[in-house]
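Take a look at the structure below.
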Amino acid sequence: MMEELNRMKSENKKLSDILTIVTRNYNDLMQTRKRKAVDPGNCTDNSCHNYYSCCDETSVGSLPKLIKSNVSRVYVRIDPSDTSLVVKDGYGWRKYGQKVTRDNPSPRAYYKCSFAPICPVKKKVQRSVNDPSLLVATYEGRHHHPPSQANISAVSPPGGATGTSTAVATISGEGSGSTGSLDFLDPLICSKIQKAIAATESSEMQQFLVEKMASSLTRNPAFTAALAAAITGRILDEVISEENKDAVSNSRGFCV
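Residue numbers in the sequence shown follow the UniProt record's numbering, run continuously in steps of one, and reach 256 at the last position.
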């Protein structure tokens, strides 16, 4: 009987840990929504012109430094004839706008992470004003999930490259004063990237999805009640089963 009680205590502790994780994820989701609500990129004006005006970098120069600290840039060499404004960096993106800025004749494309609003990362892609063969991708925020295998393979070294952009990029952090170069044509680097993705995609992504599903389920009072009833019913079943076993054992001893 003591073993059963210890086992039930262990299961209750596991359930408590799960509920703690669910609560933490719920709070994180609420914080993400609050940040999105005050994000200057989320304009409510129905006019496309006004929308882009309020989201223009020149009109939001007083943004808090906390946001700028998560800004980074990637420079990708492309074919000058390519007008797609697409940088394949391993993540999924949804394009939500494009406009021509005053300081650059090339248009700027705006993207949101395909996991939005759970993942708040945004990306802006535009040709360099000094070198039309360079695409400048500006990232705001950090991803909460691993990249997808399908997208990252686009920057791996194909035997006969069909893409228009080369796989050489320079990455710089806003305000850090440091830059670094990544040569995706190096087979060793490509191998490391693919192994890292294969190792994290199956475990981290599944854990990420399970936690978000659990967060959604716990908002339903019916689910919480059903979970409590199931736990209570299981405990009662275990107790009754033990009592029945004891009764059978005693009856056998009496017959002898």
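Even for Gly, the Cβ is constructed at its ideal location relative to N, Cα and C.
Predicted model, so just to flag it, every value in this text is computed and none were measured.
Comparing C-alpha positions only, which one of the options sits nearest to residue i?
i, options, result
"Arg94", "Asn130, Ser148 and Lys123", "Lys123"
"Lys103", "Tyr96, Asn130 and Val121", "In the sequence as presented, Lys is not what sits at residue 103; that position holds Asp. The shortest C-alpha separation from Asp103 is found at Asn130."
"Val136", "Val71, Ala214, Tyr96 and Gln31", "Val71"
"Ile78", "Pro146, Met8, Tyr91 and Val125", "Val125"
"Gln31", "Pro80, Pro117, Gly92 and Arg127", "Pro117"
"Ser148", "Cys119, Gly92, Ser128 and Gln98", "Gly92"
"Val76", "Asn12, Lys34 and Ser128", "Ser128"
"Arg35", "Ala214, Cys113 and Cys119", "Cys119"
"Lys112", "Ser106, Val87 and Ser81", "Val87"
"Gly90", "Pro80, Gln98, Val74 and Pro105", "Val74"
"Glu211", "Asn12, Lys13, Met8 and Asn27", "Asn27"
Work out the CA separation of residue j and residue i for me, nearest whole Å.
i, j, result
"Gly133", "Leu85", "The question names Gly, but residue 133 is Ser in the sequence shown. Whole-angstrom Cα-Cα distance: 11 Å."
"Gly141", "Met1", "53 Å"
"Ser10", "Glu4", "10 Å"
"Ile18", "Phe115", "23 Å"
"Ile21", "His144", "16 Å"
"Thr83", "Val121", "23 Å"
"Leu29", "Ala214", "13 Å"
"Arg33", "Ser81", "40 Å"
"Gln98", "Asn12", "52 Å"
"Tyr110", "Met8", "52 Å"
By the 10 Å Cβ neighbour count, where 16 or more other Cβ atoms means buried, how is residue i classified, buried or exposed?
i, result
"Tyr139", "buried"
"Leu15", "exposed"
"Arg108", "buried"
"Val100", "exposed"
"Arg24", "exposed"
"Asn6", "exposed"
"Tyr96", "exposed"
"Pro146", "buried"
"Gly175", "Annotation note: pLDDT 48 at Gly175 (below 50); position unreliable, no value reported."
Just reading off the beta strand (DSSP E) that residue i is part of, what are its end residues?
i, result
"Cys113", "Pro107 to Cys113"
Does the beta carbon of residue i come closer than 7 Å to any beta carbon on chain C?
i, result
"Asp89", "No chain C appears in the structure shown, which is made up of a single protein chain."
Would you check whether the ligand ADP has a heavy atom nearer than 6 Å to the C-beta of residue i?
i, result
"Lys122", "As for the ligand ADP, it is missing from this structure, which has no ligand bound."
Go through the segment 72-137 residue by residue and report every complete run of the alpha helix (DSSP H) that reaches 4 residues or more, in order.
Whole alpha helix (DSSP H) segments, 4+ residues: zero.
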